[in-house]
Amino acid sequence: MPPRVVVVGLASDFGCQVQMTNIEDQLLDVLGRIELSYWQLASSGHMPEEYDVAIVEGAVTTGEHVALLERIRATASAVIAIGACAVTGGIPALATSGSLDDHYACVYGEGDVEVACGRIAPMPITSVIDVEYRVPGCPIDMDEFTQVLSRALQGLSDCIPREPMCAICKTLENICFYERGEVCLGLITRTGCNARCITLGRPCTGCRGLAEDANLESAILLLAERGVSREDLMTRARLYNTLEEAFTR
Ligand code: SF4
Ligand code: SF4
31 MPPRVVVVGL
41 ASDFGCQVQM
51 TNIEDQLLDV
61 LGRIELSYWQ
71 LASSGHMPEE
81 YDVAIVEGAV
91 TTGEHVALLE
101 RIRATASAVI
111 AIGACAVTGG
121 IPALATSGSL
131 DDHYACVYGE
141 GDVEVACGRI
151 APMPITSVID
161 VEYRVPGCPI
171 DMDEFTQVLS
181 RALQGLSDCI
191 PREPMCAICK
201 TLENICFYER
211 GEVCLGLITR
221 TGCNARCITL
231 GRPCTGCRGL
241 AEDANLESAI
251 LLLAERGVSR
261 EDLMTRARLY
271 NTLEEAFTR
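This note's numbering puts the first residue of the sequence shown at 31, with every later residue one more than the last.
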């Protein structure tokens with residue numbers, strides 16, 4: 031029997047699942063090797079009781095999400111977290127800055143509002159369960175996603191890149207934004223998207239998270255030489271990485 035795969039979305043705009051619908055050709059090759067048992071964005075049926083691989087998008091924002099993740103973890107032999115929301119908390123985790131109650135009142139007004147599903151502070155799924163594979167980014171890079179899914183189907187280990195973006199950016203012969211007096215977070219951000227934004231003419235905003243091999247202190251010094259304060263750098267980096275401890279110091 032081919033591996034049974036489910037695709038589940040938690041708190042997010044489902045942008046990564048939409049990305050998946052944009053790569054029919056690549057995906058068809060993989061789909062020929064799996065049984066796609068449930069795809070929250072694209073199926074009308076219910077999630078099955080049994081499956082082998084779970085692809086999960088989105089941040090955890092409710093007790094229901096926690097319970098669902100625990101069921102997924104108990105069922106799937108491999109879990110793939112896709113997108114910044116699932117891997118680092120992404121944009122939803124911005125709500126952890128300041129008081130959650132104040133944010134809630136700002137959106138829904140003062141007074142008693144019935145809170146469905148047990149609201150909790152947003153966090154990545156990796157804070158709730160262990161996952162075998164991570165595909166970071168907002169949205170995910172589809173080449174990377176198909177590679178990771180293929181690795182999961184073959185039982186190979188995760189291969190998330192550790193290096194920052196600059197090396198690949200240089201090989202693509204992009205002109206560095208620092209040469210133009212603009213701030214780019216590529217120097218501390220995990221590579222793997224083929225320097226997508228930079229090649230399209232926009233600085234990296236850090237959606238793939240802090241690279242393990244990044245030298246943050248050197249980056250802080252380099253930016254200081256260019257008149258950008260540590261706090262400014264941290265504020266920019268927290269856009270997708272509010273919960274990254276290195277960006278809170
Ligand atoms: S800082 Fe940004 S633009 Fe400059 S080399 Fe690194 S990734 Fe490329
Ligand atoms: S260049 Fe930076 S912001 Fe753009 S997709 Fe890659 S990691 Fe994300």
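Note that CB positions come from ideal geometry on N, CA and C, so glycine has one too.
{"Query": "Residue range of the unbroken beta strand (DSSP E) whose run includes Gly39", "Result": "Arg34 to Gly39"}
{"Query": "Neighbourhood of Ala241 by C-beta distance below 8 Å, restricted to the same chain and skipping five residues each side", "Result": "Pro191, Arg192, Glu193, Pro194, Met195, Ile218, Thr219, Arg220 and Thr221"}
{"Query": "With 16 other Cβ atoms within 10 Å as the buried cut-off, status of Arg279", "Result": "exposed"}
{"Query": "With 16 other Cβ atoms within 10 Å as the buried cut-off, status of His7", "Result": "No answer is possible for residue 7: it lies beyond the span of the chain, which begins at 31 and ends at 279."}
{"Query": "Buried/exposed call for Met31, threshold 16 Cβ in 10 Å", "Result": "exposed"}
{"Query": "Residue-level contact to chain B via CB, Asp82, 7 Å cutoff", "Result": "Checking the listed chains, one finds no chain B in this structure; it contains a single protein chain."}
{"Query": "Residue interval of the alpha helix (DSSP H) (run including Leu273)", "Result": "It is not in any alpha helix (DSSP H) - Leu273 carries neither H nor E in the DSSP assignment."}
{"Query": "Glu65 - partner residues in DSSP beta bridges", "Result": "Arg34"}
{"Query": "Whole-angstrom C-beta distance between Ala89 and Ala116, which should lie under 8 Å", "Result": "7 Å"}
{"Query": "Own chain partners of Trp69 with C-beta closer than 7 Å, once the 5 adjacent residues on each side are dropped", "Result": "Val37"}
{"Query": "Alpha-carbon spacing of Ile64 relative to Ala108, whole angstroms", "Result": "14 Å"}
{"Query": "Where Val293 falls: helix, strand or coil (DSSP)", "Result": "Outside the displayed range of the chain (31 to 279) lies residue 293, so it cannot be described from this structure."}
{"Query": "Any non-hydrogen atom of ligand 2 closer than 6 Å to Arg226 Cβ", "Result": "yes"}
{"Query": "C-beta atoms of Glu87 and Cys136 nearer than 7 Å", "Result": "no"}
{"Query": "Boundaries of the beta strand (DSSP E) in which Tyr163 is found, first to last residue", "Result": "Tyr163 to Val165"}
{"Query": "Closer than 6 Å: Cys234 CB and nearest ligand 2 heavy atom", "Result": "yes"}
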